[in-house]
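One structure is given below, encoded as structure tokens.
Residue numbers (UniProt numbering): 1 to 76.
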């Protein structure tokens with residue numbers, strides 16, 4: 001969850017916005033749906049999308065591949 005949260009923060013810094021921010025009427029299901037749509041966004045640097053995808057693929061007790069994530073961040 002921490003890596004996924006970091007990915008969303010970096011995406012926010014990169015794009016100056018997130019699709020679900022500023023929409024007070026959205027329920028949690030709508031926000032989850034919009035978060036899935038982030039992976040389809042063209043404006044986000046590919047390394048950040050890959051980081052997000054990697055973090056979402058992990059099982060709860062599974063450790064992230066930190067060297068891989070570091071390599072992704074060096075590519076930004």
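Note that CB positions come from ideal geometry on N, CA and C, so glycine has one too.
Buried/exposed call for residue i, threshold 16 Cβ in 10 Å
| i | result |
| --- | --- |
| residue 77 | As displayed, the chain neither begins before 1 nor continues past 76, which places residue 77 out of reach and without an answer. |
| residue 73 | exposed |
| residue 52 | buried |
| residue 5 | exposed |
Opening and closing residue of the alpha helix (DSSP H) in which residue i lies
| i | result |
| --- | --- |
| residue 67 | 66-74 |
| residue 132 | Residue 132 falls outside the range modelled here, since the chain spans only 1 to 76, and no answer is possible. |
6 angstroms Cβ shell around residue i - same chain, five flanking residues per side excluded
| i | result |
| --- | --- |
| residue 3 | 55 and 64 |
Same chain only: Cβ atoms within 7 angstroms of residue i, ignoring 5 sequence neighbours per side
| i | result |
| --- | --- |
| residue 10 | 48 |
| residue 14 | 44, 45 and 48 |
| residue 75 | 47 |
Beta carbon proximity, residue i to chain B, threshold 7 angstroms
| i | result |
| --- | --- |
| residue 4 | Absent from the structure: chain B. Only one protein chain is present. |
Chain-order list of residues whose beta-carbon lies under 8 angstroms from that of residue i (same chain, five-residue window excluded)
| i | result |
| --- | --- |
| residue 69 | 3, 51 and 54 |
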